């Protein structure tokens, strides 16, 4: 395990060094890199595969469809489905970052009568072949993590993750996150508590693109 970890770190460092070396050679001309160990054919192939995995692809372009400013309407069912939801509004700004590998959402609104600010990162892991995401907010100190896949026919992205429930003294509650596109200017984000049931929706956020 330690050897594999060391190789991954070495690969990452190697990519950075290779990129830096290329930039320097362009500025200063071709220079012999004395003292650098030559890579074997196998190591060269591994390096090329690693570099390939770093490149954004079609899934990342799909995520860019959400880039823009969105007005949001949030419903939260504190008592579960069938009860009267709490509603609030907000604004989300989504932008492409880190060379197109991720989209970052910055949200500002309210929740339960209090200011609610959050930051989310969504991307596609080329190695795992999964959509992945994280969410942070001023409503807590935990970092939510999620991963899942996209239905190529409907465009619906379904991800799963774990969420703690401190008031109930529960750790690792399984949560489902569903993002459903309607058209270029509308989509819906839903959160389901799978511990309570497959269709136990607790939060729904509707996004409308600001013109």
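Numbering (this note's numbering), first residue to last: 446 to 656.
Cβ atoms here follow ideal geometry from the backbone N, Cα and C, with glycine treated the same way.
In this text, all values refer to a predicted model and were calculated from it rather than measured experimentally.
Beta-carbon proximity of residue i to residue j, cut-off 9 Å
i: residue 563; j: residue 654; result: no
i: residue 554; j: residue 517; result: yes
i: residue 656; j: residue 636; result: no
i: residue 519; j: residue 610; result: no
i: residue 510; j: residue 626; result: yes
i: residue 588; j: residue 556; result: no
i: residue 568; j: residue 548; result: yes
Residues that DSSP places opposite residue i in a beta bridge
i: residue 579; result: 566, 590
i: residue 602; result: 595, 624
i: residue 658; result: Not covered by the structure: residue 658. The range shown for the chain is 446 to 656.
i: residue 652; result: 517, 632
i: residue 584; result: Looking at the DSSP assignment, residue 584 forms no beta bridge with any residue, so it has no partner.
Span separating the alpha-carbon of residue i from that of residue j
i: residue 504; j: residue 646; result: 27 Å
i: residue 602; j: residue 483; result: 44 Å
i: residue 532; j: residue 623; result: 19 Å
i: residue 629; j: residue 488; result: 44 Å
i: residue 498; j: residue 542; result: 17 Å
i: residue 578; j: residue 566; result: 5 Å
i: residue 507; j: residue 551; result: 19 Å
i: residue 526; j: residue 619; result: 17 Å
i: residue 638; j: residue 572; result: 28 Å
i: residue 496; j: residue 616; result: 37 Å
i: residue 560; j: residue 521; result: 15 Å
i: residue 528; j: residue 632; result: 23 Å
i: residue 634; j: residue 485; result: 48 Å
i: residue 570; j: residue 576; result: 6 Å
i: residue 580; j: residue 586; result: 11 Å
i: residue 539; j: residue 524; result: 31 Å
i: residue 641; j: residue 593; result: 20 Å
i: residue 644; j: residue 493; result: 44 Å
i: residue 530; j: residue 491; result: 52 Å
i: residue 608; j: residue 595; result: 22 Å
beta-carbon residue i near the ligand SAM non-hydrogen atom, thresh 8 Å
i: residue 541; result: Judged by which ligands are present, the structure shown has none, so any question about the ligand SAM falls away.
Residues of its chain near residue i, where Cβ-Cβ distance is below 8 Å and the 5 sequence neighbours each way are ignored
i: residue 472; result: Confidence in residue 472 is poor, its pLDDT being 48 and thus under 50, which makes the residue's placement unreliable; the coordinate value appears in the next sentence. Excluding positions up to five away in sequence, the list is empty.
Cut-off 6 Å between Cβ atoms - residues of its own chain near residue i, not counting five sequence neighbours on either side
i: residue 501; result: 545, 546
i: residue 591; result: 578, 604, 606, 622
i: residue 515; result: 537, 652, 654
Sequence-distant residues of the same chain with beta carbon closer than 7 Å to residue i, five excluded per side
i: residue 600; result: 626
i: residue 582; result: 561, 562, 563
i: residue 613; result: none
Q: Please list the segments of the alpha helix (DSSP H) lying wholly inside the segment 479-546, counting only runs of 4 or more residues, in order along the chain.
A: Within the segment 479-546, the alpha helix (DSSP H) runs of at least 4 residues that lie entirely inside it are, in chain order, 486-498, 503-508.
Q. Which residue spans inside the segment 610-646 form an unbroken beta strand (DSSP E) run of at least 3?
A. Runs of the beta strand (DSSP E) inside the segment 610-646: 615-628, 631-638.
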